[in-house]
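Single-structure report; data block below.
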């Protein structure tokens, strides 16, 4: 049975920077083929070779039995180049190679580090797709898609979010060009998170009916918490002693609350 099922599956590797659409591709293919998506991460498969083999076999069997598309997101741990000094990791990679050999369903693997992949995987992968960082055209398309979805949702929800479509798209272009100079443009996930933040504030307590500063809310909530951006080598600002004025309770609402002044309540 094992020999008969060998190499009957379809293994697809999706590699590229975070937020470039790898996971979304697997979700789209699953929807297109009318199959449920069975999504896993390395954390779902344990850390030891014996445990991982058992869990891999269990999840793979379920996915095949139920006719699901299997997604192993962030599969770097299992794809890493083997090293004679790392016996336990070598065993983990070998276990995964064996599972790929006999998996008969559709399997998506995603990684941000294709250059560290073990050579043995290259002959087992049927399709390899590279995802570049999203450019201006892709950024504008993402914004347009989310805005279109928001417009559709506004047709049937009781409390609607009011916004200026053209203003948002103009902001998307301006924001991209400004951040392109420093290499800190938003990826797809950051764009989605910005909209989710703004929408959450718009619906907070179900008291807000519209928000004209939609894009400002998104910027304030998603760009300030981490500085410098992840992936840069610039050090974080050194800590300073807290002054008495900083330690005392603020006389004004925090900055995020100030941003809500552009939103009207019922």
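Residue numbers (the UniProt record's numbering): 1 to 266.
Positions of the beta carbon are idealized from the N, C-alpha and C atoms, including for glycine.
The structure presented is a predicted model; accordingly, all values stated were derived computationally and were not measured.
Linking residue 76 to residue 65 through their CA atoms gives a straight-line distance of about 26 Å. For the 9 Å CB-CB criterion, residue 49 and residue 94 form a contact.
For residue 108, no alpha helix (DSSP H) encloses it; the enclosing beta strand (DSSP E) starts and ends at 106-111. Apart from sequence neighbours up to five positions away, the residues of its chain that approach residue 143 with a beta-carbon distance below 7 Å are 168, 169, 172, 191, ordered along the chain.
C-alpha of residue 189 to C-alpha of residue 21: approximately 8 Å in a straight line.
Beta-bridge annotation (DSSP): residue 130 is paired with 15. For residue 97, the uninterrupted alpha helix (DSSP H) segment begins and ends at 87-102.
With a minimum length of 4 residues, the unbroken runs of alpha helix (DSSP H) contained wholly in the region 124-174 fall at 136-154. Sorting 106, 182, 149 by C-alpha distance to the C-alpha of residue 199 places 149 at the top.
Going by beta carbons, residue 9 and residue 106 fall inside the 9 Å limit. Non-local beta-carbon contacts of residue 147 in its own chain, meaning distances under 7 Å to residues more than five positions away in sequence, involve 165, 168 in chain order. Look at residue 197 here: in three-state DSSP terms it is helix. In the three-state reduction of the DSSP assignment, residue 33 falls in the coil class, being assigned neither a helical nor a strand state.
Under DSSP, residue 176 shares a beta bridge with no residue. Membership of residue 76 in the alpha helix (DSSP H) is indicated by the continuous run 76-79.
In this structure, the alpha-carbon of residue 47 lies about 16 Å from that of residue 82. Residue 51 is classed as exposed because its beta carbon has fewer than 16 other beta carbons within 10 Å across all chains shown. The beta-carbon distance between residue 104 and residue 187, rounded to whole angstroms, is 34 Å. This is too long to meet the 8 Å contact definition. Inclusion of residue 139 and residue 85 in the CB contact set at 9 Å is not warranted, their separation being larger than that value. Check the Cα spacing between residue 96 and each of 56, 157, 145: the tightest is with 56. Sequence-distant Cβ neighbours of residue 42 in its own chain, meaning closer than 8 Å and more than five residues away, are 72, 74, 75, 76, 77, 78.
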